[in-house]
Amino acid sequence: MVILSHLLCKIFTYIMYKINNLNQKEEALSRKIKFQKPKKSQTKEIIKLVKDTKILDVNSEYLYYLQTIHFNKFCCVAVDENKKNKVIGFVSGYLIPDENSLFIWQVAVNEKYRGLGLAQKMILNIAKRKTMKKINFI
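When we follow numbering that gives the first Met the number 0, the leftmost residue of the sequence shown carries the number 0, and every step to the right adds one.
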């Protein structure tokens with residue numbers, strides 16, 4: 000009986016976790032999300048987002064700053080317009096000289112917004128830009 004009770008408790012906890020996760024995704028879907036080139040003023044938010052993934056290597060603040068001013072044609076941020084344009088996603092890209100190839104360096108999405116296809120949408124946003132016409136490979 001104790002084992003069954005313990006098992007039912009674990010199942011209930013798992014179901015509640017899934018319901019909570021689903022509610023967060025539904026809330027995220029109802030938000031207005033905009034995709035754009037990163038701005039200098041978003042550097043600190045980008046660094047925090049990358050740190051919060053706990054998976055990606057965090058580069059120097061200066062590198063992220065350069066990505067927002069010199070390499071922003073090949074990077075993208077997703078911002079939540081309902082949260083005062085909070086940065087919720089970031090893709091950094093690097094144009095490989097003389098190869099017509101774009102190297103995607105980092106992809107980060109805020110945990111609450113994962114599973115919504117934001118990474119793909121950010122990469123497509125970059126791919127559709129005029130600067131990408133001569134790029135053959137990503």
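Ideal placement from N, C-alpha and C gives every residue a C-beta, glycine not left out.
Three-state secondary structure (DSSP) of residue i
i: L94; result: strand
i: F70; result: coil
i: K82; result: helix
i: K133; result: coil
i: K33; result: strand
Residue i - containing alpha helix (DSSP H), residue span
i: D51; result: 42 to 52
i: N124; result: 117 to 126
Residue i and residue j closer than 7 Å at C-beta
i: V78; j: K33; result: yes
i: L62; j: A107; result: no
i: N186; j: P96; result: Residue 186 lies beyond the range of the chain shown here (0 to 137); nothing can be said about it.
i: L101; j: I137; result: yes
i: V57; j: C75; result: no
i: V86; j: E60; result: no
From the options, residue whose alpha carbon lies closest to that of residue i
i: F73; options: V49, Y61, G114, N99; result: N99
i: I125; options: Y64, R113, Y93; result: Y93
i: A118; options: K129, T130, Q105; result: Q105
i: Q35; options: I103, N84, K111; result: N84
i: R113; options: E44, T42, L48; result: L48
Range covered by the beta strand (DSSP E) that runs through residue i
i: I103; result: 100 to 108
i: K39; result: Taken as a continuous stretch (DSSP letters only), K39 belongs to no beta strand (DSSP E), as it is neither H nor E.
i: D79; result: 75 to 79
Cβ neighbours of residue i in the same chain (closer than 6 Å, five flanking residues each side left out)
i: G88; result: A77, V108, L117, M121
i: K50; result: V57
i: T42; result: Y63, Y64, T67
i: T52; result: A107
i: S40; result: none
Same chain only: Cβ atoms within 8 Å of residue i, ignoring 5 sequence neighbours per side
i: T130; result: K72, F73
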